[in-house]
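If you use my numbering, the sequence shown corresponds to residues 193 to 798, in order. Glycine included, C-beta positions come from ideal geometry on N, C-alpha and C. Worksheet: the structure to be examined is printed underneath.
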Amino acid sequence: MSWGTELWDQFDNLEKHTQWGIDILEKYIKFVKERTEIELSYAKQLRNLSKKYQPKKNSKEEEEYKYTSCKAFISTLNEMNDYAGQHEVISENMASQIIVDLARYVQELKQERKSNFHDGRKAQQHIETCWKQLESSKRRFERDCKEADRAQQYFEKMDADINVTKADVEKARQQAQIRHQMAEDSKADYSSILQKFNHEQHEYYHTHIPNIFQKIQEMEERRIVRMGESMKTYAEVDRQVIPIIGKCLDGIVKAAESIDQKNDSQLVIEAYKSGFEPPGDIEFEDYTQPMKRTVSDNSLSNSRGEGKPDLKFGGKSKGKLWPFIKKNKPPPPPPASASPSAVPNGPQSPKQQKEPLSHRFNEFMTSKPKIHCFRSLKRGGATPEDFSNLPPEQRRKKLQQKVDELNKEIQKEMDQRDAITKMKDVYLKNPQMGDPASLDHKLAEVSQNIEKLRLETQKFEAWLAEVEGRLPARNEQARRQSGLYDSQNPPTVNNCAQDRESPDGSYTEEQSQESEVKVLATDFDDEFDDEEPLPAIGTCKALYTFEGQNEGTISVVEGETLYVIEEDKGDGWTRIRRNEDEEGYVPTSYVEVCLDKNAKGAKTYI
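And the structure:
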């Protein structure tokens, strides 16, 4: 089966067919190129997706990824990143092994095809030239034969005419002989050219064209084979990354199997355990004897009537079942605690509005611990150095972590000091290596850093020992409820906030026992009053931005105008409202208050 013998007369069709074959190859190259672009785009999207859900470094989100389920999710993101890398490998291999190779082959194929068909056209032109020569000699022979016949007929006519002279007859005879000789010459020339043409034609159809068409056939078959090999390479490129993709998927499965729900539950305990014990039972309070209401020692209102060194919950708070202090119903409670030490020259917490006892019981059953401290109530919102804003257990963990970090820094500085000391000894033994005195300044600096770190460590260790000594014992019910200090810390020793700690870990200002009893009595007088929204008694403009991160407070932005619903009662807090659902307390010094003189309950300031 050969194109040279079977398709000897299909030169034009073969030319179209081979061009179509090159077009198909170029179309396949374009297909593979678009596939590589898709793989790159897919890999890029996968990488962006993985990066998008990676936890940010040094952020709260990163701390939350300590759970095994979150770690498995991180492993899944990493595996997906590797998975995306394999798609990039597919794109790179297809580009290098298929696209580049085929593009170069197409150029070579075009050159070969052009050369072959150029030879074919050259052979065609040669045979056409021979054919034209044959036709020319044939016409010349035909013309000479006709001229010889006419000359012969003219001679015979002249010879038969008696009136023609002998000279004219001889002239006609010579002319006929000349024409006859010319016809013979044309015949010989035609015969020679004909033989030559037949030879050239035979060579053309049996040698030249078959050879050229055979080359074109081989070229086309190589193109077909090359395209098939490229398709195999296309599949192999995918197959080569399947084992690695399988490992990525196995890694995801392994990460999923590493999830330990019990461990995560334990981590939740470690993260949120406050160290407090559940409150005790609330005793019955007899209201049948007016003005003789008493509060049980185990009551969560924590009366000071028995002379115990009890602590207040957020100053003058009422109805707060610590550590369950989150309020879900209006009116919102005031901040959990505040003292002059919380904000320089800052206010104390205002009184809370009265709540029905049923609300307090429901709150006790549904609320979760949320410990607050106004010690850090400043515009920067900085965390206290001793972590006094945290519950005891969480504070102990933070202090222990800080002590460990300082010990590591001390060890690092000590290693550096030892290295400098050894270098100094080397300089002393070999002065040519360096001046020992040049290291004295560095050695003194390191020693000074070590001393500072040790003092810092001692400070945190003291706080840690204090917290560990104050953590409640399991067999002391009263201390579990109140989180009181040992008896060696009586409330009369010092009136500073730093010597007392409320159950939520914050410091409160000591107040007189009579004032506390009076507040409790007032609270119980209005225990069951109906709660109605307070009317606005004026407006206020925020002088500074205040972030109300504690319960009962409300955030305001500098320059914002709000409604005043309760003026400062002398405790440094003003109650404001933004809309029907948003109200709370802000420091009076943070706002400029303009009261309506006609409003009920408004005071006139001179």
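For residue i, the nearest candidate out of the options (CA to CA)
i      : options                        : result
Ser383 : Asp353, Lys407, Pro402, Arg331 : Arg331
Trp323 : Gln387, Glu743, Glu752         : Gln387
Glu469 : Gln650, Pro583, Glu772, Pro623 : Pro583
Cys786 : Leu754, Tyr777, Ala315         : Leu754
Ala315 : Glu601, Asp430, Tyr396         : Tyr396
Glu256 : Ala463, Asn390, Ile230         : Ala463
Lys634 : Ile385, Met606, Arg227         : Met606
Arg342 : His391, Val361, Ala359, His372 : His372
Glu300 : Val638, Glu218, Glu577, Glu637 : Glu218
Gln366 : Asp353, Thr731, Ile354, Ala340 : Ala340
Ile748 : Ile757, Val778, Asp773         : Looking at the sequence provided, one finds Val at residue 748 rather than Ile. The residue with the shortest Cα to Cα distance from Val748 is Val778.
Tyr234 : Ser194, Lys263, Ser283, Lys249 : Ser283
Ile612 : Gln592, Ile602, Gln624, Ser639 : Ser639
Val800 : His318, Ala352, Glu743, Thr737 : In this structure the chain extends from 193 to 798, so residue 800 is not present and cannot be described.
Met374 : Val361, Lys349, Phe333         : Phe333
Tyr220 : Asp293, Leu591, Arg587, Asp478 : Asp293
Lys338 : Lys379, Lys358, Lys363         : Lys379
Ser781 : Asp788, Glu772, Asp381, Glu750 : Glu750
Gln211 : Lys349, Leu631, Arg239, Arg415 : Arg415
Thr197 : Lys616, Leu735, His398         : His398
Glu637 : Arg609, Lys225, His209, Tyr275 : Arg609
Gln453 : Ser580, Lys263, Thr575, Asn390 : Lys263
Glu428 : Tyr619, His394, Glu758, Ile290 : Ile290
Gln804 : Lys594, Tyr619, Asp627         : Examination of residue 804 is not possible in this model, given that the chain is present from 193 through 798 alone.
Val756 : Leu232, His391, Gln317, Asp788 : Asp788
Tyr259 : Gln741, Cys440, Ala448, Thr357 : Ala448
Ile401 : Glu376, Gln317, Val361, Arg418 : Gln317
Val298 : Cys732, Thr425, Arg418         : Arg418
Opposing strand residues paired with residue i [DSSP bridges]
i      : result
Val778 : Thr766
Thr745 : Tyr777
Phe738 : Val748
N- and C-terminal bounds of the beta strand (DSSP E) containing residue i
i      : result
Ile401 : Taken as a continuous stretch (DSSP letters only), Ile401 belongs to no beta strand (DSSP E), being part of the alpha helix (DSSP H) at 401-449.
Tyr220 : No beta strand (DSSP E) holds Tyr220; the alpha helix (DSSP H) holding it covers 203-244.
Val785 : 783-787
Thr753 : 753-758
Span of the alpha helix (DSSP H) around residue i
i      : result
Ala734 : Looking at the DSSP string, Ala734 is not in any alpha helix (DSSP H); the run it does join, the beta strand (DSSP E), is 730-734.
Val460 : 453-464
Leu269 : 260-286
Ile385 : 358-395
Thr197 : 195-198
Ala629 : Neither: Ala629 is in no alpha helix (DSSP H) and is coded neither H nor E.
Ile602 : 584-621
Met350 : 292-352
Cβ-Cβ separation, residue j to residue i (assumed contact under 8 Å), whole Å
i      : j      : result
Asp456 : Ser261 : 6 Å
Arg767 : Glu774 : Between Glu774 and Arg767 the Cβ distance is about 12 Å, and since that is not below 8 Å, they are no contact.
Glu585 : Ser466 : 6 Å
Leu656 : Gln592 : 6 Å
Arg313 : Ala276 : So it is not a contact: roughly 53 Å between Cβ atoms.
Met350 : Ala364 : 4 Å
Arg588 : Val659 : 5 Å
Gln409 : Ser194 : 7 Å
Gly213 : Glu421 : That pair is no contact at about 15 Å.
Glu752 : Ala734 : 5 Å
Residue i at chain D interface by Cβ criterion, 7 Å
i      : result
Glu469 : Reference to chain D is not applicable here, since this structure consists of a single protein chain.
*Spell out a yes or no on whether the segment 303-312 and the segment 399-410 are touching, meaning 3 or more CB-CB pairs, one atom from each, closer than 8 Å.*
yes
*For the segment 268-280 and the segment 194-213, state whether three or more C-beta atom pairs, one from each stretch, are separated by less than 8 Å.*
no
*Per the contact definition of three or more C-beta pairs closer than 8 Å, is the segment 417-434 in contact with the segment 284-292?*
yes
_Quick test of the definition: if touching needs 3 or more C-beta pairs under 8 Å, does the segment 597-606 touch the segment 639-658?_
yes
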